Structures are given as C-alpha cells and as structure tokens.
Amino acid sequence: MKLLQLLPIGNFDGGLLMELAPALADVFHMPTVILGRRLDPGFAFHQERQQYHSSELLHAMQPYLSPDSWRLLGVTTVDLYIPILTFVFGEAQMGGPCGLVSAHRLRQEFYGLPGDGEVLRQRLLKEAVHELGHTLDLTHCSDYQCAMAPSHAVEWIDLKESLLCEACGARVFAG
Ligand SMILES: [Zn+2]
Ligand SMILES: [Zn+2]
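Numbering follows our numbering, with no gaps: position 5 of the sequence shown is 132.
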C-alpha cells in the first residue's frame, strides 16, 4: 500500500505533526503516517547565513524513501533558505517524490505577535499541500485561494485555502 510519509527533521512538536497527518490524508485521499525515524538537520546549517540549506536537506531525505512511499514530506522548525533567496517556507522536487516544509516563519511569534496554534496549524497545512502539489508536478496557480498560489509572505498564505482549486485538483486526481 502506498503511503504519504511525514519525516520529522530536528526537534519537532509531535502534536503539530499528529494534526497535520490526518489533514493531509483528507486533502490527498492517501493514508498518511509519521515516520518513527528523524533526520538531524545539523549538517545543513550554514554559519554565514545562520540558516539551514533547504536543498541539502531535501537531498538527505532520499535514503528515507521506501518502496511504499507515495510521497515523503519533511517537516521542520528550522529556518530554511536557498542561496538566491532570503528564506523559503519550503521546497520540493518537481514531480516527486520529496518535499520539505518549515514552520519557522509560519509562527506568529516570528513576527512579534502572540502565538496562535490554529493560525500555525492552518499555515503549515497550506504549505504542506503546496509543496506536495509540486511533487505531483503542479506549478504555481493564478487562483489566489488555491494552495498552489505562490506565497512569499504569511499574509499571502492566510488568503489561501488548504485545498487545490478545481483545475489543479483535476490535474492531480484525474484518471
Ligand atoms: Zn511553490
Ligand atoms: Zn490551482
């Protein structure tokens, strides 16, 4: 049986992952499990940026794939970047099988606001759906409410739904 597998990267609040798993199962109609193993992100930390190189983490996720992996999504709280950008919320391999999301900049506390668990859960779900959409070969969508709409700030994420629009959904679920 094929599974959507979640891989914790670094120290992670287990509750957040346990809520993310069934929500993703609903969106993709795919049984979703949290792997018992954990990837230590330390090797991808770059002193000069004080951040973690997203593509290096994505690469290091490959050995965690197994024959029953449908998609493998890494979930972390460390701050991610790729060299050309200040930061990224996540990254994915177009066409699969691996994607990665970070909760670091999704927390209200990051912006000096009081913490809000529900806001964090919603943002993390939307970004997880977004990166998994890329692993399913979806590109960015011009429907601002679609999970595949690009977002470079949390305000844009908050405008989106955690679902794919009809057109994106049809591309993923067709046949
Ligand atoms: Zn994207
Ligand atoms: Zn769309």
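Ideal Cβ positions, reconstructed from N, Cα and C, are used throughout, including at glycine. A quick note: this is a predicted structure, and the numbers were derived from the prediction, not measured.
Around the C-beta of Leu227, 16 or more other C-beta atoms lie within 10 Å, and the residue is accordingly described as buried. In chain order, the residues with a C-beta atom nearer than 6 Å to some heavy atom of ligand 2 are Cys268, Asp270, Cys273, Met275, Leu291, Cys292, Ala294 and Cys295. Secondary structure note for Val256: it is in no beta strand (DSSP E), and the uninterrupted alpha helix (DSSP H) holding it is Gly244 to Thr262. Residue state for Leu207 is assigned as strand, using DSSP reduced to three classes. Rounded to whole angstroms, the Cβ separation of Val160 and Ser289 is 19 Å, and the two are not in contact under 8 Å.
The distance from the Cβ of Gln132 to that of Leu199 is about 5 Å, consistent with a contact at the 8 Å cut-off. Nearest in C-alpha terms to Tyr179, of all of His186, Pro168 and Met188, is Pro168. For Leu162, same chain residues with a beta-carbon under 6 Å away, outside a window of 5 residues either side, are Gln132 and Leu134 in chain order. The nearest non-hydrogen atom of ligand 1 is less than 7 Å from the C-beta of His257.
Under the DSSP assignment, Cys295 falls in the alpha helix (DSSP H) whose first and last residues are Glu293 to Phe300. With fewer than 16 other Cβ atoms from the protein chains shown falling within 10 Å of its own Cβ, Arg165 counts as exposed. Per DSSP, Ala230 lies in no alpha helix (DSSP H) segment and is marked neither H nor E.
Note on geometry: alpha-carbon atoms of Met275 and Gln235 lie some 22 Å from one another.
Rounded to whole angstroms, the Cβ separation of Leu259 and Tyr271 is 19 Å, and the two are not in contact under 8 Å. Per DSSP, Ala148 lies in no beta strand (DSSP E); the unbroken alpha helix (DSSP H) holding it starts and ends at Gly141 to Phe155.
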